[in-house]
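Inspection log for the structure reproduced underneath, given as structure tokens.
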Amino acid sequence: MNKDVLYIKGAREHNLKNIDLSIPREKLVVITGLSGSGKSSLAFDTIYAEGQRRYVESLSAYARQFLGLMEKPDVDYIEGLSPAISIDQKATSRNPRSTVGTVTEIYDYLRLLFARIGIPHCPKCGREIHRQSIDQMVDAIMNLGARSRIQLLAPVVRGRKGEYVKLLEDIRKDGYVRVRVDGVMRELSDDIELEKNKKHTIEVVVDRLIVKEDIQQRLSDSLETVMALSGGLAIVDVIDGDEFLFSQNYACPNCGISIEEMNPRMFSFNTPYGACEACDGLGTLMEIDPSLVLPNVELSLAEGAVVAPGWSMSNGDTVAQMYLKALAKHYGFDLKTPVMDLDKKFVDLVLYGTKGEKIKVQYDRDHGSGSFPT
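Quick note, the sequence shown lines up with residues 23 to 396 if you use the numbering used here.
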């Protein structure tokens, strides 16, 4: 048998008239013809149907009972056929989260493939990531520094929808006092109501410790409890500091970076667990273009250098004037100075704001005057 060719002998499904043909493998092949000439009968009802039938027959009897029996297509034989998938035609979408991969559903197969055969590597040093032991976790925590205050959390739910009433009740009955729900610390004695259709993250506070020399045994016991609750994950939250994820599954011993066991959602740009943190998985990033906001740097702010909607100073006593005057007074620059001659830090204040610093804005209107912080 020629392994480079898919050979069909005696195809007779629907309008096919006992045809024989060879199709090259590992090539993109397009089947064309008039309506009713048998294109779909050849592609879907013959080739795909036989590929699926062989795949189902290769499974165990237990698995086959859930998939059902597939009839053999009306064909003498097909040689060189591998398990096949069929992708339906769908209308295109303007949604940025819809791509060729998602529309054809081939993306689902790729995510599953990467999750099952992928080999994780440390994003910092590039070394292959292996499983961590309890002793390695204890050593890493002891290196946080003496007198560091930490709490050990067991993530029992990570980004899943549900109310979790029974789970929270079971945790309370097991003697735990606190949980962190969606980043907020809650007492289990309180009534914790979660929205059923929203994704939630629930982490049980197992122990609170101060890092010192004689805590290794207690730390080891607490980590084992955390692992039993969460299925191999532990979160070490340093009070007023960073947060670390430890895993019995995969961790880099050199950088201390831990990851979860690989699963398909880690390779999806449509979920927070796989999406780029900068663009949220959209592939584009919206940013201010200073050359569009300030196209003529020879003008001053008082002369209308800012062309963004609502920021013109040439239309009388506007809100824009109030804010720009307040900025100039607070930080000590002149609105009549050309933008090209202003210090860069003053231009950044106009473009990007005060980064949370409050300033006093003075207003003067026919019905009154005053000031307010903003």
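Idealized CB from N, CA, C, for every residue including glycine.
Taking C-beta to C-beta, are residue i and residue j nearer than 8 Å?
i, j, result
"A256", "M159", "yes"
"L241", "L231", "yes"
"C147", "C301", "no"
"V328", "V315", "yes"
"G55", "N37", "no"
"S290", "R133", "yes"
"V122", "S115", "no"
"I193", "V201", "yes"
"R119", "N292", "yes"
"K195", "N219", "no"
"A297", "G303", "yes"
"V178", "L189", "yes"
"V21", "R169", "As shown, the chain starts at 23 and ends at 396. That puts residue 21 outside it, with no answer to give."
"P331", "L373", "no"
"I151", "Y272", "yes"
"E185", "L216", "yes"
Suppose the cutoff is 7 Å on Cβ atoms and the five residues either side in sequence are ignored; what does the same chain contact list for residue i look like?
i, result
"E379", "none"
"G181", "K221, T223, P294 and Y295"
"P46", "D26 and V27"
"P95", "E35, D67, T68, A71 and E72"
"G390", "For G390, the predicted structure reports a pLDDT of 48, less than 50, and the residue's modelled location is therefore unreliable. The matter cannot be settled from this model."
"Y77", "P105"
"T376", "none"
"G32", "N40, D42, V97 and D98"
DSSP state of residue i, grouped into three classes?
i, result
"F355", "coil"
"V258", "strand"
"G181", "strand"
"V228", "strand"
"D42", "strand"
"A65", "helix"
"K188", "helix"
"G378", "coil"
"Q173", "strand"
"K146", "coil"
"K195", "helix"
"S322", "strand"
"F136", "helix"
"I156", "helix"
"M249", "helix"
"R47", "coil"
"G390", "At G390, the pLDDT of 48 sits below 50, so the modelled position is not reliable and the matter cannot be decided from this model."
"I109", "coil"
"E35", "coil"
"A327", "coil"
"F268", "strand"
"L346", "helix"
"R116", "coil"
"A300", "coil"
"A168", "coil"
"S313", "helix"
"Y70", "helix"
"E79", "helix"
"P360", "strand"
"L56", "coil"
Give every residue of the same chain whose Cβ lies closer than 6 Å to the Cβ of residue i, excluding the five residues on either side of it in the sequence, and list them in chain order.
i, result
"E265", "D259"
"L43", "I30"
"M164", "none"
"F368", "F355"
"A83", "none"
"D229", "L174 and S244"
"V361", "L316, V319 and A327"
"S280", "L267, F268, S269 and A273"
Can you round the beta-carbon distance between residue i and residue j to whole angstroms, since I take them to be within the 8 Å contact cut?
i, j, result
"L175", "E209", "With 8 Å as the limit, L175 and E209 do not qualify as a contact, their Cβ atoms being about 15 Å apart."
"H352", "I381", "4 Å"
"I261", "R171", "4 Å"
Please check if any C-beta of chain B sits within less than 8 Å of the C-beta of residue i.
i, result
"A256", "In summary, chain B is missing from the structure at hand, where a single protein chain is found."
Only counting the same chain, and skipping five residues up and downstream in sequence, which positions put a Cβ closer than 8 Å to that of residue i?
i, result
"I8", "This structure cannot speak to residue 8, because the chain is shown only from 23 to 396."
"M92", "A71, Q74, R75 and V78"
"G58", "N37"
"L307", "A300 and C301"
Cβ pair count under 8 Å reaching 3, the region 228 to 246 against the region 144 to 160: yes
Given 8 Å, three or more beta-carbon pairs between the region 315 to 324 and the region 350 to 358: yes
contact_flag[the region 136 to 154, the region 282 to 295] where n(CB pairs < 8 Å) is 3 or more: yes
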